[in-house]
Amino acid sequence: MVTSAPLWSVLVVLALLAGFAALAVAADALLAARAARRPVSATVLAAPLAEVPRLLAAQRRVTPAADRLLWQVGLVTVPVAGVLAAVVIPFGGQTASRMSAGVVWFNAMEVLTWAGVWMAGWGPNAVLALVGGYRFVAQGLAYELPLMFALISAAAGAQSLDVADIVGAQGHLWFAAWMPAAFVLYLGSVCAFSFTGPFGYPAGLDLAGGVAAEVSGPDRLMLQAGRWLLLTTGAGMAVPLFLGGGSGPGLPAWAWSAVKTAVVLAALVWGRRRVPVIRADRYAELAWVVLIPLAVVQALAVGLIVLVKGGPL
Amino acid sequence: MTVAVFCVLAPLAAASGVMVFRFGSMARATIALLVSFLATGGLLIVLGLDYLGIVVILMMIMEMVIMAVFMVAYMMNPAGLMPMSMVHNRRVSLAVSSAVFVLLAAGIFAVRWPRRVGAAPRDPTFALGEALMGPQMLTMVTLGFALLATMVAAVVLAASRGRYDRFGDDLKDRLPADPARGGVGR
Chain A
17 MVTSAPLWSV LVVLALLAGF AALAVAADAL LAARAARRPV SATVLAAPLA
67 EVPRLLAAQR RVTPAADRLL WQVGLVTVPV AGVLAAVVIP FGGQTASRMS
117 AGVVWFNAME VLTWAGVWMA GWGPNAVLAL VGGYRFVAQG LAYELPLMFA
167 LISAAAGAQS LDVADIVGAQ GHLWFAAWMP AAFVLYLGSV CAFSFTGPFG
217 YPAGLDLAGG VAAEVSGPDR LMLQAGRWLL LTTGAGMAVP LFLGGGSGPG
267 LPAWAWSAVK TAVVLAALVW GRRRVPVIRA DRYAELAWVV LIPLAVVQAL
317 AVGLIVLVKG GPL
Chain B
345 MTVAVFCVLA PLAAASGVMV FRFGSMARAT IALLVSFLAT GGLLIVLGLD
395 YLGIVVILMM IMEMVIMAVF MVAYMMNPAG LMPMSMVHNR RVSLAVSSAV
445 FVLLAAGIFA VRWPRRVGAA PRDPTFALGE ALMGPQMLTM VTLGFALLAT
495 MVAAVVLAAS RGRYDRFGDD LKDRLPADPA RGGVGR
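Here the protein sequences line up with chains A and B, keeping their order. Take any residue in the first sequence, note its place counting from 1, add 16, and you have its number in our numbering. Take any residue in the second sequence, note its place counting from 1, add 344, and you have its number in our numbering.
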């Protein structure tokens, strides 16, 4: 049974997220080194983390007539959204905050990145950052609905918006097994809301970094860390939604949660390098013509199964 | 705890609502309105209506960001450097808003509040779903179709290129002639 922990457990959530995100960053450095046929060593793996003190000490870039307030609020919003979304994720038998509408909370906090990235793009009063911010909104209009239907499928399967109930409904069969379309759409959307890999368009190299083009120093650390935290949160949420949460033979529940999160995160970190960046207008068409109908059919199938069987498969 | 949260959120909602009309930048005005809605969503959660509060937060973030895009495009110098004001027709709007405020505030004290009948449902989200999908089903279905029809009509009216532009006068072109390449089936 999943129980709610006291308020200080938000710090545990933060530590766990940061730990998994650091592992993901190291794994990404490993893949980058292998792709470039450079020798892999401990220094290579730790190089991105060694950037942290440098960024903390680096000077802030100043742009003329910047909207400092919106810029700063936007940059802070990105990592904060990742952490807030994670408070409803059960880890083993514990969750920082058990909510009756936990799935909707996760969705709402992930949508905070819309406002965050748009503000971060608007703030510096610079064209490349501005285009980057607008690109994220365009991308958001494409990825958000398939993601919502994927979440609705999982919630409908368990007949509850409570994440703990969704874990409980997967006693016999993981949701990933009987709602595969929702699972795949969810994983794709995780890359989209952390604007990475194929969805790295808002921070694309063609824009000299887009929303990240004008940020430096601690601000840059916040934005980049926020992207990794969002990716980690998305991977963590996939476990209770589709992979049975902490259930599994032999090991304790928290260990299974950790193993499953690590596997999903590894798959995302590997997968994001295998797919080219997709333009937002192309993805919007794909999303609205193919993915949303697919997601609706998936949700309908789940609804019919639950209706006929009177419960999850 | 509840009182403390209320004492933070209620003034925040009102103050950021006021700031919408004080800021000289459309971006800031929109975000101020968003903060006001977020605080209102928080107040709903304080009332015990978790689902409604979170949905207000979710929808308002998306709506305000999209509104920011359109308001900036239509109403201000895109560079964002020229100050603007959300206040129009200052005297009349002041009179109207004061009158509405006095009316609503007077209503609070004038109306005899009914006593509570029955108890709150154990799960307000479930009760809401039952109400919407049960007695109010016809309303919701009608509303849904009306909204969808409005959206489709608005897109049709706004689209500068129709199917004859894309597939030729007799609609027989296999590939649409679109200005941007790429997409589904092309």
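Glycine included, every Cβ here is placed at the ideal spot set by N, Cα and C.
Test: residue i CB closer than 8 Å to a CB of chain A
i: Ala517/B; result: For the sequence presented, residue 517/B should be read as Asp rather than Ala. It does not: the Cβ of Asp517/B has no partner Cβ on chain A nearer than 8 Å.
i: Tyr508/B; result: no
i: Leu501/B; result: no
i: Val528/B; result: yes
i: Ala412/B; result: yes
i: Val409/B; result: yes
Which of helix, strand or coil DSSP assigns to residue i
i: Phe365/B; result: coil
i: Phe211/A; result: coil
i: Gln155/A; result: helix
i: Gln110/A; result: strand
i: Ser504/B; result: coil
i: Ile294/A; result: coil
i: Val528/B; result: coil
i: Asn433/B; result: coil
i: Met415/B; result: helix
i: Ile105/A; result: coil
i: Ala52/A; result: coil
i: Leu237/A; result: helix
i: Met115/A; result: coil
i: Met403/B; result: helix
i: Glu474/B; result: helix
i: Thr277/A; result: helix
i: Leu39/A; result: helix
i: Gly261/A; result: coil
i: Ser205/A; result: helix
i: Thr494/B; result: helix
Cβ-Cβ distance between residue i and residue j below 8 Å
i: Val227/A; j: Ala131/A; result: no
i: Ala101/A; j: Glu67/A; result: no
i: Leu245/A; j: Val153/A; result: no
i: Leu388/B; j: Val400/B; result: yes
i: Thr332/A; j: Ala170/A; result: The displayed coordinates of chain A run from 17 to 329. Any statement about residue 332/A would go beyond what the structure contains.
i: Leu239/A; j: Leu72/A; result: no
i: Met533/B; j: Met481/B; result: No information on residue 533/B is available, as it lies outside the stretch 345 to 530 that chain B covers here.
i: Val364/B; j: Leu377/B; result: yes
i: Thr248/A; j: Phe36/A; result: yes
i: Phe258/A; j: Ala192/A; result: yes
i: Leu201/A; j: Ala97/A; result: no
i: Gly287/A; j: Ala219/A; result: no
i: Ala142/A; j: Ala229/A; result: yes
i: Leu65/A; j: Val41/A; result: yes
i: Gly386/B; j: Gly368/B; result: no
Within chain A, the residues that residue i reaches when beta carbons sit closer than 9 Å
i: Arg460/B; result: Residues of chain A passing the Cβ test: none, with the nearest at roughly 22 Å.
i: Ser369/B; result: Asp83, Leu86
Partners in chain B for residue i, counting only beta-carbon separations shorter than 8 Å
i: Leu177/A; result: Tyr395, Thr469
Where residue i meets chain A, residues with beta-carbon distance less than 8 Å
i: Met406/B; result: Val127, Trp130, Gly156, Glu160
Neighbour flag for residue i against chain B, beta carbons, 8 Å
i: Tyr217/A; result: no
i: Val68/A; result: no
i: Ser205/A; result: no
i: Trp134/A; result: yes
i: Trp190/A; result: no
i: Trp138/A; result: yes
Closer than 7 Å at the beta carbon, the chain A residues around residue i
i: Ala524/B; result: Asp297
i: Leu402/B; result: Val120, Asn123, Ala124, Val127
i: Val399/B; result: Val120
Proximal residues of chain B, C-beta to C-beta of residue i below 7 Å
i: Val117/A; result: Inspection of the sequence shows that residue 117/A is occupied by Ala rather than by Val. Per Cβ cutoff of 7 Å: Asp394, Tyr395, Ile398, Thr469.
i: Val270/A; result: Strictly speaking, residue 270/A in this sequence is Trp, with Val absent from that position. Within chain B, no residue comes near Trp270/A; the closest Cβ sits about 26 Å away, beyond 7 Å.
- Contact residues within the region 370–384 of chain B, judged by C-beta distance below 8 Å to chain A: Residues of the region 370–384 of chain B that bring their beta carbon within less than 8 Å of a beta carbon in chain A comprise Ala371, Arg372, Ile375, Leu378, in sequence order.
- Item | Residues in the region 292–325 of chain A having any Cβ partner in chain B nearer than 8 Å | Of all residues in the region 292–325 of chain A, Arg295, Asp297, Arg298, Glu301, Leu302, Val305, Val306 have a Cβ within less than 8 Å of some Cβ in chain B.
- What residues from the region 141–156 of chain A come within 8 Å of chain B, judged by C-beta to C-beta, listed N to C? Correct list: Asn141, Tyr150, Val153, Gly156.
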